[in-house]
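Undergrad:
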Amino acid sequence: MNLSTNGILDNPALYDLERRLVEDEQILSDYIQSRFEAYVDRHESEYKYIRTIRLEFFPYKYICDYRGRRPKAVDGVRRLSFIYCIKSRSARTRISLTSLTRAYENYLASSPRAAFIEVELLLVEDISGDLLPRFPLLGANRFISHYLVDTKVEWTRSGLLNYGLKRATGDAIAFCDVDFLFHRDFFFALEKTTARVDFDKDVLVVNCFETEGHVRDLAYSRLSPYGYMWVVGRRNATSIGGFNEEYKGHGFEDRDFEYRLVNSLGLAVVNSHCLDPSLAVLHFSHNVRTGLQERGANQNKFINIGKTASPVQHRWGNKGW
62 MNLSTNGILD NPALYDLERR LVEDEQILSD YIQSRFEAYV DRHESEYKYI
112 RTIRLEFFPY KYICDYRGRR PKAVDGVRRL SFIYCIKSRS ARTRISLTSL
162 TRAYENYLAS SPRAAFIEVE LLLVEDISGD LLPRFPLLGA NRFISHYLVD
212 TKVEWTRSGL LNYGLKRATG DAIAFCDVDF LFHRDFFFAL EKTTARVDFD
262 KDVLVVNCFE TEGHVRDLAY SRLSPYGYMW VVGRRNATSI GGFNEEYKGH
312 GFEDRDFEYR LVNSLGLAVV NSHCLDPSLA VLHFSHNVRT GLQERGANQN
362 KFINIGKTAS PVQHRWGNKG W
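Quick note on my numbering: the sequence shown kicks off at 62 and runs consecutively.
(1) So, under 8 angstroms CB-CB, V83 and A152 are touching, yes? Tell me the CB distance rounded to an integer number of Å.
(2) Alpha carbon to alpha carbon, how far is R81 from L89?
(3) If we require 3 or more residues per run, which beta strand (DSSP E) segments fall completely within the segment 193 to 268?
(4) Quick one: what's P286 bridged to in DSSP?
(5) Which residue from R139, F318, S346 puts its Cα closest to that of L328?
(6) In the DSSP assignment, the beta strand (DSSP E) including S325 goes from what residue to what residue?
(7) Does the segment 146 to 161 touch the segment 103 to 114, meaning 3 or more C-beta pairs lie closer than 8 angstroms?
(8) Going by C-alpha to C-alpha distance, which of R139, R218, T159, I93 sits closest to V258?
(9) So, does the segment 223 to 243 touch the segment 280 to 297, judging by three or more C-beta pairs under 8 angstroms?
(10) Could you tell me which residues DSSP puts in a beta bridge with V330?
(11) Look at the Cβ atom of F270, then the Cβ atom of H347, and state whether they are nearer than 8 angstroms.
(12) Is it true that the CB of S171 sits closer than 8 angstroms to the CB of E314?
(13) Where does G303 land, buried or exposed, given buried means 16+ other C-beta within 10 angstroms?
(14) Verify whether the separation of the beta carbon atoms of V342 and F241 is less than 8 angstroms.
(15) By alpha-carbon positions, which one of E179, E215, R155 ends up nearest to H207?
(16) What's the call for D77, buried or exposed, on a 16-neighbour Cβ count within 10 Å?
(17) So, helix, strand or coil for L336, using DSSP?
(18) To the nearest angstrom, how far is it from the Cα of N72 to the Cα of Y281?
(19) Since S160 contacts I93 with CB under 8 angstroms, what's their CB separation in whole angstroms?
(20) Among the candidates S300, E307, N332, whose CA atom is the shortest distance from the CA of I267?
(21) Tell me which residue opens and which closes the alpha helix (DSSP H) that L184 is part of.
(22) Does the Cβ of L251 have 16 or more other Cβ atoms within 10 Å, making it buried, or fewer, making it exposed?
(23) Any idea if E98 is buried or exposed, counting beta-carbon neighbours within 10 angstroms, 16 or more meaning buried?
(24) Pop quiz: M290 and C335 are said to be a contact at Cβ under 8 angstroms. What is the actual Cβ separation, rounded to whole angstroms?
(25) Need the endpoints of the beta strand (DSSP E) that R114 sits in, please.
(26) Exposed or buried, I301, counting other C-beta atoms within 10 Å across all chains shown (16 or more means buried)?
(27) Given E186, which residues of its chain have a CB within under 6 angstroms of its CB, disregarding the five upstream and five downstream residues?
(28) For G190, count the other beta carbons within 10 Å of its own beta carbon; 16 or more makes it buried, fewer makes it exposed. Which is it?
(29) Tell me the residue span of the beta strand (DSSP E) that contains R140.
(30) Is it buried or exposed for E166, if we count other Cβ within 10 angstroms and need 16 for buried?
(31) Give the DSSP-derived three-state secondary structure of Y127 in the structure shown.
(32) Do you know how far the Cα of D211 is from the Cα of F248?
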């Protein structure tokens with residue numbers, strides 16, 4: 062298979078690894094299990110000792126950034142929408158989707174009762190030369206919807222996420238990147254944790270951990286924390302108009318989204334690592350960052366957010382909220 066990943070992989074070992082993971086599901090399963098076990102070991106030897114203090118330097122800040130309140134037991138999420146934004150990353154999307162759907166199938170098969178969490182997947186793909194093929198998962202799973210759109214711009218993460226948000230039906234929305242890998246017991250941890258998060262009042266950030274040691278913009282050790290998967294109540298996400306589409310490409314659109322959730326709605330951000338460390342997502346490493354041409358402009362826009370009202374465009378997904 063010829064993978065269209067040269068834009069994010071200039072390391073031959075990472076390129077070969079991606080090729081093997083997309084071609085062999087057993088290799089993928091073993092890889093995720095080995096990395097998750099390594100994460101658990103690192104948590105027990107390191108991360109659990111620092112999560113009770115606040116460290117402001119990389120990479121520990123990703124564990125310490127958010128505390129939030131510890132909510133009492135609530136009804137929990139009954140339906141969860143996972144929204145993927147995709148462009149020119151078909152191989153990585155296949156790998157991520159395979160891990161997510163297999164984790165959900167494990168949850169359904171292992172539950173002695175009807176599954177508490179229902180899932181829908183919305184794949185919003187911008188037209189490119191590397192389209193997601195009609196591989197078996199797309200036809201075999203009734204809970205997957207695949208939307209092919211033509212934004213006519215180089216890259217709009219905000220626009221694609223808004224397109225999915227407009228069509229989502231879940232109580233809460235998980236905003237996904239194609240680099241996310243989900244371990245086989247992910248949904249059991251998710252059910253236990255979401256039963257403690259009131260999505261009318263809280264936002265859940267699920268911590269992500271790098272699968273490989275590598276150098277991108279900074280040096281990353283294997284299983285170092287990096288970034289989050291945001292899980293937001295759908296009514297709250299739509300009430301602020303979704304993501305601000307004035308942010309071009311990739312960068313700071315998530316921080317703007319967070320700012321409006323916290324400052325406009327008064328929500329608290331709850332860190333999964335503080336509630337249940339087993340609720341974690343692996344981030345399939347890549348050593349080149351793309352879509353960052355407008356990052357500087359995006360950063361300036363975000364810095365000025367407190368000086369002017371943050372406009373929300375409704376170009377792709379948000380007309381008629």
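For every residue, glycine included, the Cβ atom is placed at its ideal position computed from N, Cα and C.
TA: Short version:
(1) 5 angstroms
(2) 8 angstroms
(3) 205 to 210, 233 to 237
(4) F270
(5) F318
(6) First-last for S325: 314 to 326, but that is the alpha helix (DSSP H), not the beta strand (DSSP E).
(7) no
(8) R139
(9) yes
(10) V264
(11) no
(12) no
(13) buried
(14) yes
(15) R155
(16) exposed
(17) helix
(18) 14 angstroms
(19) 6 angstroms
(20) Ile is not the amino acid found at residue 267; the sequence shown has Val there. Comparing Cα positions, the closest option is N332.
(21) Taken as a continuous stretch (DSSP letters only), L184 belongs to no alpha helix (DSSP H), being part of the beta strand (DSSP E) at 179 to 187.
(22) buried
(23) exposed
(24) In fact, because the Cβ distance is near 15 angstroms, the residues do not count as touching under 8 angstroms.
(25) Note that residue 114 is Ile in the sequence shown, not Arg. That residue, I114, is in no beta strand (DSSP E); it is neither H nor E in DSSP.
(26) buried
(27) I147, L193, L209
(28) exposed
(29) 140 to 147
(30) exposed
(31) coil
(32) 33 angstroms
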